[in-house]
Amino acid sequence: MTAPTKLKPLTRVFQWNGLEIPDPNARLNPEEVLKVLGTVHPELNNASIEGPSFQGDKEVYTLCTRLGTKG
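The numbering used here applies: residue 322 is where the sequence shown begins, and numbers increase by one.
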């Protein structure tokens, strides 16, 4: 008889500019998390989200900032 398989929950993280940012609130969807993070990092106010990708026990969302031109 084999041992029952135990499922381990994934940890959601957000990557941006070389930083791994922990999930501020697991109840929020990724777009809502982006709005929350935009209050701390204004550069993220116009960012997009890529993912998720799965790395080990992590669910990784990549935040991509959009560069704009002035004028």
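All C-beta atoms in this analysis are idealised placements derived from N, C-alpha and C, irrespective of residue type, glycine included.
Computed from a prediction, not measured in an experiment: that's the story for all the values here.
Closest residue to residue i among the options (Cα-Cα distance)
i           : options       : result
residue 366 : 334, 388, 343 : 388
residue 379 : 336, 327, 323 : 336
For residue j and residue i, the rounded distance between their alpha carbons
i           : j           : result
residue 361 : residue 330 : 27 Å
residue 395 : residue 364 : Within the shown structure, residues of the chain are numbered from 322 to 392, placing residue 395 beyond reach of any answer.
residue 345 : residue 338 : 18 Å
residue 474 : residue 352 : Nothing can be reported for residue 474, as the shown portion of the chain is limited to 322 through 392.
residue 369 : residue 323 : 44 Å
residue 374 : residue 347 : 17 Å
residue 341 : residue 354 : 14 Å
residue 376 : residue 328 : 16 Å
Whole-number beta carbon distance between residue j and residue i, since they are thought to touch under 8 Å
i           : j           : result
residue 371 : residue 386 : The pair is not a contact, with the Cβ atoms about 12 Å apart (cut-off 8 Å).
residue 334 : residue 343 : 6 Å
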